[in-house]
Amino acid sequence: MNFLIRHTTLLPMTAEGCEPKSFTGSIAVEGNRIALLTAVEEEVEAYLEQHPECRVIDGRGRVVMPGLINTHCHAAMSLQRNMADDIALMEWLNDYIWPFEAKQTAEDIALGMTLGVVEMLLGGVTSFVDMYFHEARCVEVVRRLGIRALLGCSYFDHTIALAKADAEAAIEAAKGFSHIGIAIAPHAPYTVSRERLVEGKEFARQHGLPLMIHVAETQAEAEYVRKKYDRTPVEWLDEIGLLDEQTIAAHCVWVDEKDRATLKKRGVVVSHNAQSNMKISSGISPVAAMLDEGLCVTLATDGPCSNNDLDMWEEMRSAAFLQKVATGNPLVLPAYEVLKMATRNGARAMGYSEQELGVLREGALADLVMIDLQKPHLQPINDLVSDLVYCGKASDVELVAVDGRIVVDEGKVCGVDLPALYQAVSEAVKRIQQK
Ligand SMILES: [Zn+2]
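Under our numbering, the first residue of the sequence shown is numbered 980, with each subsequent residue one higher.
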C-alpha cells in the first residue's frame, strides 16, 4: 500500500558540508521506492489528488530518516543472550557458545533469528548483515518479517561443505526476493585454514556472492597469525586473494597503517563493532584514522551475546565516544559522520550504492524510519542530529518501512505475537540446554 508522511521533519542524509541537513516537508512511498520528497505543500496536494487511495500519516513532532544498517551480527545468537558474560573470548567460545550451538537445530536458529529480527525492526534497523548457520532456513523468517538482509553462511575448516550447501539452498529460497542477499562467511583467519579460505572465495566468485569474515579482532588473533604465517591478518588475507570490493571485514581492531592502506586499495567494507570490542576487551579499532584515510567504515552490533543487544542507537553513541576517548580529540566522529556510518556507508555493505539505499531521495529504495521526538530525553531539539545520535533510543522508533512495506506501525512489529514468541524462545533454550 502506498503511504505519505506529512508535515514532518525530513533528514535525508544527503547533505554535504554546511548545507542544511533537515527540512520540514512530506515523503511518499509507492511500491518499493520513494516517489516524492518535498518541502512544497502544493506538490503534496497534487500527489494526493493523483493518489486518493494513499494512506496519509501525520508526521508532526516526528523525524523521518533512512533506516539503520547493521553490517555485522549473528541474530540467532539472541537465544544465548546473557548466558555467559564477563569471561575471556576463547573460554566463552569453547565452554559455552560452541557446545550450545552444537545442540541447536535449524528450527531453533530460525526462532532465534525471529527474535533478533524483531528486536532490530523495533529499533529502526531496516537492513542487516548476518553471519551464522542454517541461513537457508532463515530466508523464510526474513521474508515473513520483511527486513532487508544479507545472510552469510558461516563455516570453520570442517564445515565448509555444509556452508556451501546452505548457501546454495539459501540462494534458491531467496530467488525473486530482491531484498534478500546471500553471502559466504569463513569465520576468521585463525579458525579457517588457507585452503578453506581460498575455497570459500572461489565459491563466492562462482556464485557472484560477497564474502564476510572476522578480521584482526583480538591481539591473540594477530599474534597467532604472526606466528603461523609471519603476516598481519590483513596481509595474510590479501596475500591469498580474499580482499576486494565484495568483502566485509568485521572488527579490524588490530590493523596498522599498512593494513589500512591495503583495505582501502582493495575497496573492503569495514564493519566496526564498538560495544562488542569493549565488552570482550578486544581493543579499540582505529576508526577515526580509517575514516580520515577514506575507508568505508560502517557500524554493527555483533551478536547479542557480546553486546548484549542489537541496538544500533547505542552502537552509534559508543562508536563516537570510544574514538573521542581513544584519540583524546573530541572533534573526531562528529554526530553526522556517525549517522552516515549507520546509514549511507552501510548501503555499500549491503551491495547497494549510496544513491539507492541509506538515504532519502526520490527513486531510492523506501527503507525509512519515523522517530517520535516527543520524549523528555529528546527535548528541546537544539540540534536534530545530536538529538538522534547522542540521545536517541531504539524505543523512540514509531514506524519502520522496508522496501516500501510498513513492518513496524505505531511502535508494534506487524504480524508477530510477541508474548507467544518469548514463550517459544524460552522453551527452546531450556530444551537445548537439557540435551
Ligand atoms: Zn561476529
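Even glycine gets a Cβ: it sits at the ideal position worked out from N, Cα and C.
Note that the structure is a prediction, hence the values are computed from the model and not measured.
In the three-state reduction of the DSSP assignment, histidine 1051 falls in the strand class, which pools E and B. Boundaries cannot be given for alanine 1153, as no alpha helix (DSSP H) includes it and DSSP labels it neither H nor E.
In the structure shown, the three-state DSSP call for tyrosine 1203 is helix. Counting only the Cα atoms, alanine 1115 lies some 20 Å from threonine 1105.
In the structure shown, the three-state DSSP call for isoleucine 1263 is coil. Ranked by how close their Cα comes to the Cα of threonine 1322, the residues Asn1049, Gly1038, Thr1003 and Glu1021 have Asn1049 in first place. Taking aspartate 1388 as the centre and dropping the five residues before and after it, the same chain places the C-beta of Leu1378 closer than 7 Å to its C-beta, in chain order. With contacts defined as CB atoms closer than 7 Å, alanine 1229 and serine 1250 qualify as a contacting pair. Just so you know, the alpha carbons of isoleucine 1139 and glycine 1325 end up roughly 27 Å apart. A straight line joining the alpha-carbon of valine 1338 with that of glycine 1246 spans about 21 Å. In this structure, DSSP gives methionine 1069 a helical state, which the three-state scheme calls helix.
Around the beta carbon of tryptophan 1077, a 10 Å sphere encloses fewer than 16 other beta carbons of the protein chains shown; the residue is thus reported as exposed.
In this structure, the beta-carbon distance from alanine 1128 to isoleucine 1159 falls below 7 Å. In this structure, leucine 1221 sits away from lysine 1154, with a CB-CB distance that is not shorter than 7 Å. Leucine 1129: member of the beta strand (DSSP E) spanning 1127-1134, first to last residue. Alanine 1305 and alanine 1298 have their C-alpha atoms some 11 Å from each other. At least one heavy atom of ligand 1 falls within 6 Å of the beta-carbon of aspartate 1281.
For serine 1285 and valine 1232, the gap between their C-alpha atoms comes out near 15 Å.
Within the same chain, Cβ atoms closer than 6 Å to the Cβ of alanine 1380 are found at Ala1345 and Leu1347, the five residues on either side in sequence being excluded. The alpha carbon of lysine 1258 has as its nearest neighbour, out of Arg1239, Val1266 and Asp1281, the alpha carbon of Asp1281.
Between the C-alpha atoms of glycine 1394 and arginine 1122 there is a straight-line separation of about 12 Å. In the DSSP assignment, threonine 1105 falls within the beta strand (DSSP E) that extends over 1104-1111.
Taking the Cα positions, leucine 1352 is about 49 Å away from aspartate 1136. Within a 10 Å sphere around the beta-carbon of proline 1189 sit 16 or more other beta-carbons, which makes this residue buried. Counting along the chain, histidine 1186 sits inside the alpha helix (DSSP H) bounded by residues 1173-1186. Nearest Cα to methionine 1092 within the set Ile1066, Pro1313, Gly1342 and Gly1125: Gly1125. Cβ-Cβ separation between isoleucine 1411 and valine 1376: approximately 31 Å, too far for a contact (criterion under 8 Å). As for any beta strand (DSSP E) of minimum length 3 sitting wholly inside the stretch 1212-1254, the runs are 1226-1230 and 1248-1251, ordered along the chain. Counting the other Cβ atoms within 10 Å of the Cβ of glycine 1046 gives 16 or more, which makes it buried. Between the alpha carbons of glutamate 995 and valine 1311 lies a distance of about 17 Å. The beta carbon of lysine 1244 lies closer than 6 Å to none in the same chain, with the five residues before and after it left out. Of the candidates Leu1357, Leu1270 and Arg1239, Arg1239 places its Cα closest to the Cα of valine 1213. The shortest C-alpha to C-alpha distance from glutamate 1174 to any of Val1008, Phe982, Val1368 and Glu1218 is the one to Glu1218.
Under the rule that a run must span 3 or more residues, the beta strand (DSSP E) segments found entirely inside the stretch 1330-1412 read 1347-1351, 1376-1381 and 1384-1388. Just measuring C-alpha positions, the residue of Arg1296, Asn1308, Glu1316 and Asn1287 sitting nearest valine 1276 is Glu1316. Boundaries for leucine 1289: no alpha helix (DSSP H) harbours it, and the DSSP string shows neither H nor E there.
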